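Residue numbers (my numbering): 787 to 1462.
For each residue, glycine too, the CB sits at the ideal point set by N, CA and C.
For clarity, every value in this text was computed on a predicted model and none was experimentally measured.
Below is one structure, written out as structure tokens, with a few remarks after it.
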Ligand SMILES: [Zn+2]
């Protein structure tokens, strides 16, 4: 399946935050609740990271300015996440009080030598560029809790496996006990190296004082001194064997042969042999998770995948596990799980699969929408065929939608230091990949209260007050828009459609074809919101909220720039620039240069004229669908260039969007699974 919502990292560039603020003054002896009101909530969460404590103040639910036991989440992964250490019988424990007292200060740098002091300052700056952002899951059913407990253990093993692949397993033992910030960095970044924009190239930035170099655990260290060692491997006669995705490369004799050229006698060793102890342990935990589902026919498909994955960790039968994974669907299980080696971007040669785990629940709201849309899909196709015009003709369509999932836990290569993947198509190899694989969209990321607050700040810096008043950040509006976008990929002229015998790649060239397919789907998604209103399937007010949410979505993509660092077009950014530029020109999204934005600070803002919206959206849909139906490359290029190129008044607007949007810090996701 040629599906393109893949691995879009929605992270935002970080800017200096207010992190360095002085600690709020308060008297430790003050009576409750003042006792726990010494640290502001966001600062509490940043401090917990710096002190490597697995704590997160979810929200000040009772608005007393103090953290309460019910407002505390215990995070997965860092240290001992046993809630009873911090909260017992609904009250904070003495241990929590000790930790709270510690969190009133930042970690001390007093008494350190100049180099070490500098390193620790830079480590704190690296941490400060991510805002801890909670992905919280409450599991009421004891059986679900047991299942999750086993998968949390699998997740720890997956992170050990990725650490072995990255050649950093156990390095954190070299971090002194008092250097909690470096421990937090090592956990967050899954290694000692820095990744945030302000610090990633700073040679002082490393979680270890001895500042190790990056040496992959997948290839012998001896060959990695050569910066072109990947090319050397790729050109060997046995490259096909050595560069298989699920094997490491080792010296045949364990690397002890003195006097031999470093690349002589290399052999491929399967993961399950090279990492046998952790692989076996992961297999046992997966089987234990499968046993939790014994006797439940409603989770038979999930159980079959757990067992197949457990087997693959023993014998490398990843393709068999893929078949069981694909057989698990959004309707035959309430869970989503992917565990094993998949993506290759993490390693220097981009050939080997990195260990990860994605554990999630199926988003039931998207299922409800899919059920609603399925009976009208032929009508939806007919509507797009009318907009596209000849030579396109309506065809019999089926909906192959991604699975919409709410993340419970990301681990290993899926757990990024900053930002997160919001869509993914897997697997990358084997029969299931060749037959189309399975695509997921992560629907609960960036929907937590802190992300919502950030979104409101970003929206109110760009929208005029009249429009901002109608903006509703509730996740359901974006969920609907995503469902409609994904449905539209199945409708109208798509990648398989041919005009004069040519596919869209052949007519437009790959990058433009991709942008057009995404533009088609996003524009048809807008169109279908109003189409659903006409059929009584959606409330008109909700359609308007969805449109405003889509404008904000577009601003977020425009803010990421039109091309990648190496000059490749970004399809989502470009489609957003085309759409919003078009609506702006048609008066549906006017720029009010003299008006203050809703935040009362920025001058110049966008309004949404809902009366002009629908005609503009119909016109754009006709253009885009017509371009694809006729294979009209000239109109496609002109449309793109009009809104995507530099040096135009619209490019100035785009720069303004980017400047305001990127003020917010990046999300650094942390995970909590609570039993309640
Ligand atoms: Zn898409």
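Where residue 1468 falls: helix, strand or coil (DSSP): Since the first residue shown for the chain is 787 and the last is 1462, residue 1468 is missing from the structure and cannot be characterised.
Under the assumption that residue 1364 contacts residue 1430 (Cβ atoms under 8 Å), give the Cβ distance between them as a whole number of angstroms. 7 Å
From residue 1318 to residue 845, what distance separates their C-alpha atoms? 36 Å
Just tell me which of 869, 884, 862 has its CA closest to the CA of residue 822. Distance check between residue 822 and each of 869, 884, 862 places 884 closest, using alpha-carbon atoms only.
Heavy atom of ligand 1 within 7 Å of residue 1152 beta-carbon: Because no heavy atom of ligand 1 lies under 7 Å away, the Cβ of residue 1152 does not count as near it: no.
Identity of the residue in 1002, 917, 1395, 1336 nearest residue 1239 by Cα: 917
Are there 16 or more other CB atoms within 10 angstroms of the CB of residue 1005, so buried, or fewer, so exposed? buried
Residue(s) in a DSSP beta bridge with residue 1377: 1392
Are at least three pairs of beta-carbons, each pair with one atom in the region 1289 to 1297 and one in the region 1365 to 1385, less than 8 Å apart? no
Measuring alpha carbon to alpha carbon, tell me which of 956, 1022, 1436 ends up nearest residue 994. Nearest option by C-alpha distance: 956.
In whole angstroms, what is the alpha-carbon distance linking residue 1165 and residue 1171? 10 Å
Contacting residues, own chain, Cβ-Cβ under 7 Å from residue 1396 (five flanking each side not counted): Once the five neighbours on either side are set aside, the close Cβ partners of residue 1396 are 1330.
Cβ-based neighbour list, residue 1315, same chain, cut-off 6 Å, excluding 5 preceding and 5 following: 1329, 1332, listed in sequence order.
For residue 1402 versus residue 1422, is the C-beta distance shorter than 8 Å? no
Rank 1378, 984, 910 by C-alpha distance to the C-alpha of residue 1389 and give the top, closest one. 1378
Does the beta-carbon of residue 1247, which I'm using as the reference point, lie nearer than 7 Å to any heavy atom of ligand 1? For ligand 1, not one heavy atom lies less than 7 Å from the Cβ of residue 1247.
Measuring alpha carbon to alpha carbon, tell me which of 1338, 1406, 1380 ends up nearest residue 1447. 1338
Have a look at residue 1259 and residue 894 and give me their C-alpha separation to the nearest angstrom. 39 Å
What are the boundary residues of the beta strand (DSSP E) that includes residue 1056? 1052 to 1056
I believe residue 1183 touches residue 1157 by the beta-carbon criterion, under 8 Å. Please report the beta-carbon distance rounded to the nearest angstrom. At roughly 16 Å, the Cβ-Cβ gap does not stay under 8 Å, so residue 1183 and residue 1157 are not in contact.
Around the C-beta of residue 807, are 16 or more other C-beta atoms found within 10 angstroms, so that it is buried, or is it exposed? Note that residue 807 scores 35 on pLDDT, short of 50, meaning its location in the model is unreliable; the coordinates nonetheless yield the value given after this. So residue 807 ends up on the exposed side.
For residue 1190, report the span of its beta strand (DSSP E) as first-last. Here the beta strand (DSSP E) through residue 1190 covers 1189 to 1198.
Cα-Cα separation, residue 1193 to residue 1209: 11 Å
Between residue 1474 and the rest of its own chain, which residues show a CB-CB distance below 6 Å, the 5 nearest in sequence each way excluded? Residue coverage of the chain in this structure runs from 787 to 1462, which leaves residue 1474 outside it and unanswerable.
Under the three-state reduction of DSSP, which class applies to residue 1382: helix, strand or coil? strand
Cβ-based burial, residue 903 [other Cβ within 10 Å; buried from 16]: By the Cβ-count criterion, residue 903 is exposed, with fewer than 16 other Cβ atoms from all chains shown falling within 10 Å of its own Cβ.
Would you call the region 979 to 989 and the region 907 to 915 touching, i.e. three or more CB-CB distances under 8 Å? yes
Beta bridge counterpart(s) of residue 1250 as assigned by DSSP: 1383
What is the C-beta distance between residue 1093 and residue 1076, in whole angstroms, given that I count them as a contact (C-beta under 8 Å)? 5 Å
One or two residues paired with residue 843 in a DSSP bridge: 858
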